[in-house]
Amino acid sequence: MLRKNDARYQPSVFGWAVVFPFTHWTQDHPEIPAEIVVDASDCEDAVSFTKAIDRVFRYWRQRSVESGRTIYPIEVDDYAHVLVPEFQYVPSPAKCAEAVWEDVVRLSSKQCEILEGLGKNPRLLVNGGAGTGKTVLANAAAKKASSDGKRTALIIGAPLLAAALSEDLVGVLVCPADRISELPTSGFDVVVVDEGQELATSDGLAQVDRILKGGLSGGSWRWFMDADNQSLHNDAEPAALTRLEDLAMQWSPKRNVRSTKEIVALVQEALGADIGLSEIDGRGVRPLVQVMDSDQAALEWVGNFVAQKVKSGVDPRHLVVLGAPDELSKIRNSIHTLSDRDAIIVTGPDQLHQMKSRLVVSDPSTFRGLERAWTVVVCTKGFSLMPRPESYLYVAMTRSNAGLAIALGPDGKVWLEQLYQDQMTGKGRRA
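The sequence shown: position 142 = 1510 (this note's numbering), numbered continuously.
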């Protein structure tokens, strides 16, 4: 074995033992001393087994001293390298996702504890990267205000997310940002805004000011946003941001509570986006970037990737595949191993209930604010030609808890490489 692995070779010093896990050894034998026999009584639990192994080791250690030929540390290294080379244990994808989710819940609870400490401030502005828990915090803030007897509105710049949150927020009016004009003037004691970068404009501030008792200057509000990175439809206006900052206590959460350390590192490297520090261990699962020679090949790869994950035990409802809005049908057709009972194209709130038990095929704007254990991003030519493609990619890459895969067609590869170079040289707009 040492020869085959190019390790130093010389006469080896070794010991041995005989293990009878289901038999009690009652007699001594001249060729099998009792010290090197491990029987059923030694295998009852981890403690007794460890003691037996230590006994065997002491026996052979003494024999080696008596013979004058002992084993040296360098030899131990050789043996260890041969017997246990670069070994890495990776749990099943489903088990990995379960463990990651436990970390997500635990760390999100810590973020909520910090929010509680800031709750006495009448106005709070929270600006943080994707995955820092803003939606969880907005949800908690709305619940707290409602439980205190306040008329509370939660305004969300993402319709599908608004529909999802409204199911669990009893006593809170949840409204997508594009319908805020329908709300009554001075109708709420507290207004909570999530995905607030879409409302960080003069018109957006005017709308919130109108529905809030006391207005922005004298009323009570909590504003959660990612002004630098997630604006897909509106650019946050500097004057609007300045006004919010002047009126409120500010907090920027630094802990990423959604994605693993490996995913966070890839997002930061590829897009130059600060999405906080992650404490979530990926359990050996690393993000995967697959370059294909055509968009069709990229789609086929996505279909095979999904099939492999489902075969390994991943529930389809824990998967989302994100791509350009006009290519969703192509993406869905590539996932031919799943029937419509297990996969669905989602374009808005109407599919909310059906998507809960299925793999989701959607675009980053529609799925914004939501998350799943496994995310697949399809970067085709169509994706790279969308308005603000870097922001769409940022949103897509940050939807995942445990596993992230990116399939690149040739045009997607060229675009992403240029985006990366722009980030490295400081020429590009931050994602």
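Note that the Cβ used here is the ideal one computed from N, Cα and C, for glycine as well. No experiment lies behind these values; they were computed from the predicted model shown.
A direct Cα-to-Cα measurement between S1697 and D1710 gives close to 15 Å.
Taking one beta carbon from each stretch, the segment 1783-1791 and the segment 1660-1667 have fewer than 3 pairs nearer than 8 Å; the two do not touch.
S1549 is the residue among S1588, S1549 and V1632 whose C-alpha sits nearest the C-alpha of A1574. Under the three-state reduction of DSSP output, W1669 falls in the helix class. Distances from the alpha-carbon of H1704 to those of L1690, D1694 and L1727 put L1727 closest. Residue pairing by DSSP places W1742 opposite L1687 and G1771 in a beta bridge.
For the pair I1699 and V1657, the CB atoms are not nearer than the 8 Å cut-off.
According to the DSSP assignment, A1711 belongs to the beta strand (DSSP E) that extends over A1711 to I1713. Below 8 Å, too few C-beta pairs join the segment 1644-1651 and the segment 1519-1531 to call them touching: fewer than three.
Per the C-alpha coordinates, the member of L1690, D1546, V1635 and D1594 positioned closest to V1744 is L1690.
Linking R1623 to L1475 through their CA atoms gives a straight-line distance of about 8 Å.
Taking 3 residues as the minimum length, the beta strand (DSSP E) runs contained wholly in the segment 1547-1613 are 1558-1562 and 1588-1593, in order along the chain. Here the C-alpha atom of L1493 lies approximately 43 Å from the C-alpha atom of Q1676.
In this structure Q1565 is buried. Its beta-carbon is surrounded by 16 or more other beta-carbon atoms within 10 angstroms. Rounded to whole angstroms, the gap between the alpha carbons of V1424 and V1468 is 40 Å. The Cβ atoms of D1694 and K1749 do not sit closer than 8 Å to each other.
Per the Cβ contact rule, the segment 1574-1590 is in contact with the segment 1543-1561 (3 or more Cβ pairs under 8 Å).
Out of K1511, G1652 and G1681, the CA that lies nearest to the CA of L1541 is found in K1511.
W1742 places its beta carbon less than 8 Å from that of A1465. Between the alpha carbons of A1506 and A1420 lies a distance of about 57 Å. Per DSSP, reduced to three states, the secondary structure at Q1618 is strand. Counting the other CB atoms within 10 Å of its CB gives I1631 a total of 16 or more, which places it among the buried residues.
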